[in-house]
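Novice: Counting from 1, one number per residue, gives the positions in the sequence shown under UniProt numbering.
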Amino acid sequence: MLKLCKTPLERIGSSSTVLSIAVGSTLYFGCKENSALKNNEIGQHSHFSFDRLSSFSSPVVTLQFSGCGQYLATSYEDKTLRVWSLLDLNEIANCSLPKRATSLLFSKDSKYLLAADKTGDIKRYEVCQSMKLDESMLLGHSSFVLDTSLLQHTDSNVFIATCDRDEKIRISNYPNSYNIHTYCLGHKDFVSRLCTCPAYPHLLLSGSGDGTVCVWDWYNGSMECSLSLSSRGGAEEEDPPPVITELACSPGTPPIVAMTTDSKDSVTLAGLKETGQLGLTGRIECENVLASQFDLEGNLWLLRVNPAGKAEVLVYNISEKGKADLVSSDSFLDCINKVLESCDESPSSIVDWPSLRKRDFDNISAYYAKKEERIKNKKIKLDPSEDESVKT
């Protein structure tokens, strides 16, 4: 069974009963026999199903399942936001966003949908029975918001974590998000990913463009661990460092964290302790990984581009010690890949990660070079003989 730990931007998501994958503008949907949908049309003909749910002219940017398992939200390149009912697989609401969404997040009670955009705004939409999305401003950043996550401190104390291009993670009260609780500071470049740990809810993981994965005691804003994926343990650091594009945490104990960089040549696995320490346990050699997700049994699902240029899903059994074994035969997995093979669209990463790096302007060197040239020209004017010697 699949469970949503965190839905990556590269368009794979799951709930406790269903799976959804987007390739370009095409949205796919599947479920198993013990799904809540088994009595509906999608589950009448076989014990599992995976097929195209919709296709629009604009590519899917991000998707998210609600915690109750009744809704699926999708956003598109053309700034459209859609909400689907998983009870009958119909679109129940849609609206046009001011800017393209970078992250979608349902509230704990699934009554609200939070949408972050590239201007730094996070808006809250009430999913009403009238099939309309009522918008309200929740909070704002002065920079590009890249990811969001809801954090539970007590039964009645909920916070929202937001990360941006300005190297910071903000922890705000929810829904009164104008009250900032704390910041998690320590990254040296944009914060690309946030990931919660189901086994240790007091911990928050983050990935960055500085090539590190950090573990935070988010309530206190303190960094517990920083793991660098630059050069993968080599003596020399990469310049520029890799971007952490995917973070996924298994639901079991001890949890395993799967980390992917923009090089997309492998998935790094690490064990997470309750104290917040990360220890490398292994690596999955798999090229062109776009998204990752753990299911309830601790299996790791990877969405990648195969050598033929088609979208493909791979599943690995992950042991408690972090050893990965490829699942070679599974009926549901075979059904998924057969459908994806027939897709005409080529999967690709939505985010242009290098463009998020801030440019370094070294105007000091240019200033001194011009200064030396001015001094030299001044000397030539004062002493013409020096100019003749230079020519000869």
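Don't be surprised by glycine CBs; every beta carbon is placed ideally from N, CA and C.
Relative to the alpha-carbon of G279, which residue among R170, C286, L269 has its alpha-carbon at the smallest distance?
Specialist: As a working mapping, residue 279 is identified with position 279 in the sequence shown. Looking at the Cα atoms, L269 is the closest of the given residues.
Novice: Looking only at its own chain, which residues have a Cβ that is under 8 Å from the Cβ of S55, when we skip the five neighbours before and after it?
Specialist: Numbered from its first residue, the sequence shown carries residue 55 at position 55. For S55, where only same-chain residues beyond five positions count, the Cβ hits under 8 Å are S25, T26, L27.
Novice: D217 bridges to which residues according to DSSP?
Specialist: Here residue 217 corresponds to residue number 217 of the sequence shown, with the count starting at 1. D217 is bridged to L203, S222.
Novice: Pick helix, strand or coil for F144, following the three-state DSSP scheme.
Specialist: Locating residue 144 in the sequence shown gives position 144, counting from the first residue. Three-state DSSP puts F144 in coil, outside helix and strand.
Novice: Please report the residue range of the alpha helix (DSSP H) in which S355 lies.
Specialist: In the sequence shown, the residue the question calls residue 355 occupies position 355. Taken as a continuous stretch (DSSP letters only), S355 belongs to no alpha helix (DSSP H), as it is neither H nor E.
Novice: Cα-Cα, which of A116, V23, V18 is closest to S346?
Specialist: Counting from 1 along the sequence shown, the entry for residue 346 is found at position 346. Nearest C-alpha to S346: V23.
Novice: DSSP has S65 in a bridge; who is on the other side?
Specialist: Position 65 of the sequence shown, counted from the start, is the residue given in the question as residue 65. It should be pointed out that residue 65 corresponds to Phe in this sequence rather than to Ser. DSSP, once it has assigned bridges, lists L72 as partnering F65.
Novice: Measuring straight from C-alpha to C-alpha, what distance separates K79 and Y219?
Specialist: For the purposes of this step, residue 79 is identified with residue 79 of the sequence shown, where counting begins at 1. For the purposes of this step, residue 219 is identified with residue 219 of the sequence shown, where counting begins at 1. Approximately 33 Å, taken between the alpha carbons.
Novice: If you reduce the DSSP assignment to three classes, tell me which class N40 lands in.
Specialist: The count along the sequence shown starts at 1 and reaches residue 40 at position 40. Summary for N40: the model assigns pLDDT 37, below 50, so the residue's position carries little reliability, and this model does not support an answer.
Novice: Kindly indicate the opening and closing residues of the beta strand (DSSP E) around K123.
Specialist: In the sequence shown, residue 123 corresponds to position 123, counting from 1. From DSSP, the beta strand (DSSP E) with K123 extends over 121–127.
Novice: For the structure I just gave you, are there three or more beta carbon pairs, one from the region 59–79 and one from the region 98–106, closer than 8 Å?
Specialist: Judged by Cβ distances under 8 Å, the region 59–79 makes contact with the region 98–106, as three or more pairs qualify.
Novice: When DSSP labels each residue in this structure, what does Y112 get in the three-state scheme?
Specialist: In the sequence shown, residue 112 corresponds to position 112, counting from 1. Y112: strand per DSSP, three-state reduction.
Novice: Classify E345 as helix, strand or coil using the three-state DSSP reduction.
Specialist: Taking the sequence shown and counting its residues from 1, one reaches residue 345 at position 345. In this structure, E345 counts as coil in the three-state DSSP scheme.
Novice: Select from I160, C184, D330, E77 the residue whose C-alpha is nearest the C-alpha of S177.
Specialist: The residue labelled residue 177 in the question sits at position 177 within the sequence shown. Looking at the Cα atoms, I160 is the closest of the given residues.
Novice: Please classify S263: does DSSP put it in a helix, a strand, or coil?
Specialist: The residue labelled residue 263 in the question sits at position 263 within the sequence shown. Correct three-state label for S263: coil.
Novice: Report all residues from its chain with a CB closer than 6 Å to the CB of W353; omit the five preceding and five following residues, and keep chain order.
Specialist: Locating residue 353 in the sequence shown gives position 353, where the first residue counts as 1. Excluding positions up to five away in sequence, the list reads V243, D262.
Novice: Should S226 and G211 be called a contact, given that it needs their Cβ atoms to be closer than 8 Å?
Specialist: Your numbering for residue 226 matches position 226 in the sequence shown. Your numbering for residue 211 matches position 211 in the sequence shown. Not in contact: S226 and G211 (Cβ atoms no closer than 8 Å).
Novice: Would you please state the rounded distance, in angstroms, between the beta carbons of F248 and C195? I believe it to be under 8 Å.
Specialist: Counted from its first residue, the sequence shown places residue 248 at position 248. Counted from its first residue, the sequence shown places residue 195 at position 195. According to the sequence provided, residue 248 is Ala. The question's Phe does not apply to it. That pair is a contact at about 7 Å.
Novice: DSSP state of V390, grouped into three classes?
Specialist: By 1-based counting over the sequence shown, the position of residue 390 is 390. Low per-residue confidence applies at V390: pLDDT is 49, beneath 50, and the placement is therefore not dependable, though the value from the model is reported in the following sentence. Looking at V390 - three-state DSSP - the assignment turns out to be helix.
Novice: Where A308 and V289 are concerned, what is the direct C-alpha to C-alpha distance, given to the nearest angstrom?
Specialist: The residue labelled residue 308 in the question sits at position 308 within the sequence shown. The residue labelled residue 289 in the question sits at position 289 within the sequence shown. Going from the Cα of A308 to the Cα of V289 covers about 14 Å.
Novice: How many angstroms separate the CA atom of E341 from the CA atom of D217?
Specialist: On the sequence shown, position 341 is the one that residue 341 refers to. On the sequence shown, position 217 is the one that residue 217 refers to. Rounded to whole angstroms, E341 to D217 spans 43 Å at the Cα level.
Novice: With burial defined as no fewer than 16 other Cβ atoms inside 10 Å of the residue's Cβ, what is the status of V213: buried or exposed?
Specialist: For the purposes of this step, residue 213 is identified with residue 213 of the sequence shown, where counting begins at 1. Buried is the call here.
Novice: Check this for me: beta carbons of S66 and S110, under 8 Å apart or not?
Specialist: Here residue 66 refers to the residue found at position 66 of the sequence shown. Here residue 110 refers to the residue found at position 110 of the sequence shown. Contact: yes.
Novice: Please tell me whether P254 and F294 are closer than 8 Å, where the distance is taken between their beta carbons.
Specialist: Working through the sequence shown from its first residue, we reach residue 254 at position 254. Working through the sequence shown from its first residue, we reach residue 294 at position 294. Contact flag unset, no.
Novice: Starting from R304, trace the beta strand (DSSP E) both ways and give me its first and last residue.
Specialist: Working through the sequence shown from its first residue, we reach residue 304 at position 304. Counting along the chain, the beta strand (DSSP E) containing R304 begins and ends at 300–305.
Novice: On a Cα-Cα basis, can you pick out the residue from R359, V267, L146 that is closest to I169?
Specialist: By one-based count along the sequence shown, residue 169 stands at place 169. The residue with the shortest Cα to Cα distance from I169 is L146.
Novice: Give me, in chain order, the residues of the same chain whose beta-carbon lies closer than 7 Å to that of K118; leave out the 5 immediate sequence neighbours on both sides.
Specialist: One-based indexing of the sequence shown puts residue 118 at position 118. Result list for K118: K99, R100, T102, F144, in chain order.
Novice: If you draw a straight line from the C-alpha of residue 400 to the C-alpha of D189, how long is it?
Specialist: Given a span of 1 to 392 for the chain in the structure shown, any question on residue 400 remains unanswerable.
Novice: Within this structure, are the beta carbons of L139 and Y125 separated by less than 8 Å?
Specialist: Sequence index remark: in the sequence shown, residue 139 carries index 139 (1-based). Sequence index remark: in the sequence shown, residue 125 carries index 125 (1-based). Result no, Cβ atoms of L139 and Y125 do not sit closer than 8 Å.
Novice: Which residues bound the beta strand (DSSP E) around H181?
Specialist: Translated into the one-based positions of the sequence shown, residue 181 becomes position 181. H181 -> beta strand (DSSP E) spans 180–185.
Novice: From G221, K338, G298, H187, pick the residue whose C-alpha is nearest to that of V313; which is it?
Specialist: Indexing the sequence shown from 1 puts residue 313 at position 313. Taking only the C-alpha atoms, the option nearest V313 is K338.
Novice: What is the rounded straight-line gap between the Cα of I375 and the Cα of I364?
Specialist: Translated into the one-based positions of the sequence shown, residue 375 becomes position 375. Translated into the one-based positions of the sequence shown, residue 364 becomes position 364. Going by the C-alpha atoms only, they are around 17 Å apart.
Novice: Roughly how many whole angstroms lie between the Cα atoms of D155 and K321?
Specialist: Position 155 of the sequence shown, counted from the start, is the residue given in the question as residue 155. Position 321 of the sequence shown, counted from the start, is the residue given in the question as residue 321. Answer to the nearest angstrom: the Cα atoms are 32 Å apart.
Novice: Can you tell me the Cα-Cα spacing of A93 and H141, whole angstroms?
Specialist: Locating residue 93 in the sequence shown gives position 93, counting from the first residue. Locating residue 141 in the sequence shown gives position 141, counting from the first residue. Roughly 27 Å separates the two Cα atoms.
Novice: Excluding the 5 residues preceding and the 5 following K264 in the sequence, name in chain order all residues of the same chain whose CB lies nearer than 7 Å to its CB.
Specialist: In the sequence shown, the residue the question calls residue 264 occupies position 264. The residues are E287, N288, V289.
Novice: Between V315 and L296, which are expected to be in contact by the criterion C-beta below 8 Å, what is the C-beta distance as a whole number of angstroms?
Specialist: In the sequence shown, the residue the question calls residue 315 occupies position 315. In the sequence shown, the residue the question calls residue 296 occupies position 296. V315 to L296, Cβ: 13 Å. No contact.
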